[in-house]
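Here is the structure we will look at, set down as C-alpha cells.
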Amino acid sequence: PGFNASTKTCLQRLGQFVTIAKLPAYIKPFVFVNIGCHITTYLRALETASSEQTISALLQLLDGLSESGIRNVHLLTHSMGIQTL
C-alpha cells in the first residue's frame with residue numbers, strides 16, 4: 162500500500178506478510194497508523210508523517226510497550242513511515 166492506503170488495507174497486507182513469513186508465536190505484529198491517515202496528497206502525507214505530533218505518538222507507543230515489560234521491538238516501515246523514524 163502507498164501513503165494513502167486505508168488502515169484496513171494495511172492490516173490485510175500485514176496479515177499476508179505474517180502468514181507468508183511464518184513468524185514464531187512470540188512475535189506480536191502491530192500497525193501504527195497516524196490519526197486521519199487517509200490523506201489524498203503526497204506532500205500533506207509527508208508533512209504529517211514527519212510532524213512532532215506523529216513522532217510523539219510513536220514514542221508514546223514505544224514507551225507504553227517498554228512499561229509493559231517489552232524489551233525488544235523491531236520496526237518495519239513502508240513508504241511514509243520512514244519519515245516518522
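For the record, in the sequence shown the residue sitting at position 62 is 223 according to this note's numbering, with numbers rising by one throughout.
Note that CB positions come from ideal geometry on N, CA and C, so glycine has one too.
Treat the numbers as computed from the prediction; the structure is a model and nothing was measured.
In the DSSP annotation of this structure, the continuous segment of the alpha helix (DSSP H) that includes Ile216 starts and ends at Glu213 to Glu228. In the structure shown, Lys183 falls within a coil segment according to DSSP collapsed to helix, strand and coil. Using a Cβ-Cβ distance cut-off of 8 Å, the region 236 to 243 and the region 206 to 222 are in contact, since at least three pairs of beta carbons, one from each stretch, lie closer than that value.
Judged by DSSP in its simplified three-state form, Leu237 adopts coil rather than helix or strand.
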